[in-house]
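Structure first, commentary second.
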Amino acid sequence: MKKIIFKKNINDTEPKNDSEVKLTNFKKKEEESDFVFTESTVLDALKNVMDPELPVSIVDLGLIYSVQTEDNNISIKMTLTTPGCSMGNAISKQAENVLYALGAKNVIIEIIWDPPWNPNMMSVEAKSKLGM
């Protein structure tokens, strides 16, 4: 299984290896958030993250494969519509921004390619928006 990991942790100062991206524009919040992260609340938040090339959220496109939460730490496994998608960094950064804005301590977004994305993974709403 080929995968690319974009790890973003507000405590990281340098990427640990070539596949990790340094988080640069977030500072640790002074106060702890009262927001409770669950799979459902994370998915609801990620519905605000739109694919830059389509008027559809990454959730409705079926790009989110799994969400794990523990003590406001979030781990997401997701894919992109194609392995050559040039918007991968922008999409993962936008997802991260949404979750940090709600009070997440750490966000790890893992881009995976297995199973490969296909249009059948889209929600009925997404298919309708795209005329499918």
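Note that numbering that gives the first Met the number 0 gives residue 63 to position 64 of the sequence shown, counting from 1, and the numbers run on in steps of one. Note that the Cβ used here is the ideal one computed from N, Cα and C, for glycine as well.
- For Val66, there is no enclosing alpha helix (DSSP H); the enclosing beta strand (DSSP E) covers residues Ile63 to Glu69.
- In the structure shown, Lys76 falls within a strand segment according to DSSP collapsed to helix, strand and coil.
- Counting the other CB atoms within 10 Å of its CB gives Glu124 a total below 16, which places it among the exposed residues.
- Of all alpha-carbon atoms in Gly102, Val41 and Val35, the one lying nearest the alpha-carbon of Ser74 is that of Val41.
- DSSP places Glu109 in the strand class (E or B) of the three-state scheme.
- Straight-line spacing of the CA atoms in Gly87 and Asn72 works out to 21 Å.
- Here Glu38 has Val66 as same chain residues with Cβ atoms under 6 Å from its own Cβ, once five neighbours each way along the sequence are excluded.
- A check of alpha carbon separations from Pro82 across Asn105, Asp113 and Leu98 identifies Asp113 as the nearest.
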